[in-house]
Amino acid sequence: MQGKTSSDLPPGFRFHPTDEELIMYYLRNQASSKPLPVSIIPEVDIYKFDPWQLPEKAEFGENEWYFFSPRDRKYPNGVRPNRATVSGYWKATGTDKAIYSGSKYVGVKKALVFYKGRPPKGIKTDWIMHEYRLNDSRKQAKQQNGSMRLDDWVLCRIYKKRNVGRNLEEKAEITNTQLEKSVANDASEQQLLKFPRTCSLSHLLEFEYMGPISHLLNDSTNNPGLDFQNIMSNSGNDYTENFQLGDMGTQYTDSGKFQVNQGSILNQSLFMNPMVYEFQ
11 MQGKTSSDLP PGFRFHPTDE ELIMYYLRNQ ASSKPLPVSI IPEVDIYKFD
61 PWQLPEKAEF GENEWYFFSP RDRKYPNGVR PNRATVSGYW KATGTDKAIY
111 SGSKYVGVKK ALVFYKGRPP KGIKTDWIMH EYRLNDSRKQ AKQQNGSMRL
161 DDWVLCRIYK KRNVGRNLEE KAEITNTQLE KSVANDASEQ QLLKFPRTCS
211 LSHLLEFEYM GPISHLLNDS TNNPGLDFQN IMSNSGNDYT ENFQLGDMGT
261 QYTDSGKFQV NQGSILNQSL FMNPMVYEFQ
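Encoded structure:
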C-alpha cells in the first residue's frame with residue numbers, strides 16, 4: 011500500500027509535523043520499509059550536494075525541505091559521520107534533543123550549521139539542518155561492522171535562516187532618524203512658544219526675556235516714565251503695535267516713551283509682533 015503523493019494532496023495542504031510525528035510516522039516507517047502517510051519526502055544523499063542545491067531536489071516545501079538521507083562513516087572503524095559536502099561541511103551546534111512518544115524514548119534531534127570551505131577556516135552560512143535519527147540506529151551500525159555505512163536512513167529538515175540582525179539594524183536606523191526629526195520639531199515649537207502673540211502683561215512678566223520690563227514697572231514709583239526705546243529696537247515706521255491697557259492712563263510722545271499712571275491694572279491683553287521687537 012503506497013502513501014499519497016504530492017499530486018494527490020488536497021488544496022491548502024501544509025506539512026508541519028512535530029518532532030514526534032517525524033520519528034514515529036515517517037522515519038520509523040522508512041527504516042522498516044513501511045508505507046508513509048504521504049510520500050512527499052524524497053530519498054537524497056544530502057552530503058553529495060550543497061544546501062542551496064537541495065530545494066530543487068525536494069518534492070514539497072517552500073521555506074523548508076525534508077529528505078531521507080543515508081549517513082556514512084568518517085573513518086572505517088569509527089562512528090563519527092562524514093559531514094563533508096561539495097564546497098563545505100555541516101557542523102553540529104548545541105546539544106542533542108531527546109524525542110519521546112509519551113514516556114518512551116524514540117529518537118534524537120541534532121542541529122547543524124553549514125560552513126563554506128574546509129575546517130577549521132570555514133565560513134558560517136545561514137543554512138540550518140535538523141537531523142532526526144532513531145534511538146536504535148547505533149545498534150544497526152554495530153551490526154554493519156566493516157562497512158562505511160553508518161545509518162541507512164536519517165530524516166533531515168533543511169532551511170535557510172532569515173537575517174534577523176540586518177533587519178533589526180535597518181529598523182533601528184529608521185527609528186533614530188524619526189526621533190531626530192521629532193526632537194528638532196519639538197525644539198522649534200518650544201522656541202515659538204517663547205514668543206506668544208497674545209497674552210496678558212502679567213504673564214509676560216514671568217518670562218526671563220521680559221525681565222527689563224518687570225524691573226522698570228517695579229521702579230515706576232521712582233521713575234514714572236517707562237522708556238521702551240531700550241527694550242525695543244528696529245521697529246521701523248511701517249509697523250504699529252497696540253498696547254491695550256484698558257483704563258490705564260497712557261501718553262505717547264514723539265520720543266517713543268509711554269508714561270503709565272501709577273496704580274494701573276496689569277492684567278490686560280497685550281498684542282505684540284515678536285518678529286519686530288527683540289527683548290534683551
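Convert by adding 10 to the 1-based position in the sequence shown; the result is the number in the numbering used here.
Cβ atoms here follow ideal geometry from the backbone N, Cα and C, with glycine treated the same way.
Rounded to the nearest angstrom, what separates Val96 and Tyr125 at their Cα positions?
Going by the C-alpha atoms only, they are around 11 Å apart.
Got a sec, what are the start and stop residues for the beta strand (DSSP E) Arg167 sits in?
For Arg167, the enclosing beta strand (DSSP E) covers residues Arg159 to Lys170.
Beta strand (DSSP E) containing Arg81: first to last residue?
Its beta strand (DSSP E) spans residues Glu74 to Asp82.
Could you give the distance in angstroms between the alpha-carbon of Tyr262 and the alpha-carbon of Gln188?
Its pLDDT being 46, under 50, Tyr262 is placed unreliably by the model, and the measurement read from it follows with that caveat. Taking the straight line joining both Cα atoms gives about 51 Å.
Nearest residue (CA-CA) to Lys58, options Ser43, Leu144, His140 and Phe77:
Considering only alpha carbons, the answer is Phe77.
Is the CB-CB distance between Ile109 and Glu30 below 8 Å?
One thing to note: Ile109 has its Cβ within 8 Å of the Cβ of Glu30.
Buried or exposed by the 16-neighbour rule on C-beta atoms within 10 Å, applied to Lys120
By the 10 Å Cβ count, Lys120 comes out buried.
With burial defined as no fewer than 16 other Cβ atoms inside 10 Å of the residue's Cβ, what is the status of Pro129: buried or exposed?
By the 10 Å Cβ count, Pro129 comes out exposed.
Under the rule that 16 or more other beta-carbon atoms within 10 Å means buried, what is Gly256, buried or exposed?
Any reading at Gly256 must be qualified, since the residue scores a pLDDT of 44, below 50, and its modelled position is unreliable; the value itself is stated next. It counts as exposed.
Opposing strand residues paired with Lys67 [DSSP bridges]
In the DSSP assignment, Lys67 is bridged to no other residue.
Around the Cβ of Arg90, are there at least 16 other Cβ atoms within 10 angstroms (buried) or fewer (exposed)?
Exposed.
Could you give the distance in angstroms between the alpha-carbon of Lys131 and the alpha-carbon of Asn92?
Spanning the two alpha carbons is a distance of roughly 18 Å.
Check whether the stretch 160–167 touches the stretch 34–52, counting contact only when three or more Cβ pairs, one atom from each stretch, lie closer than 8 Å.
At 8 Å Cβ cutoff, the stretches touch.
Could you check what DSSP says for Lys126 in three-state terms: helix, strand or coil?
Under the three-state reduction of DSSP output, Lys126 falls in the strand class.
Under 8 Å by Cβ, that's how I've got Ile168 and Leu64 pegged, so tell me the actual separation to the nearest angstrom.
The Cβ separation is near 6 Å, so the contact holds.
In angstroms, rounded to a whole number, what distance separates the CA positions of Asn87 and Glu72?
The alpha-carbon atoms of Asn87 and Glu72 are separated by roughly 39 Å.
Span of the beta strand (DSSP E) around Arg143
Segment Ile133 to Leu144, the beta strand (DSSP E) holding Arg143.
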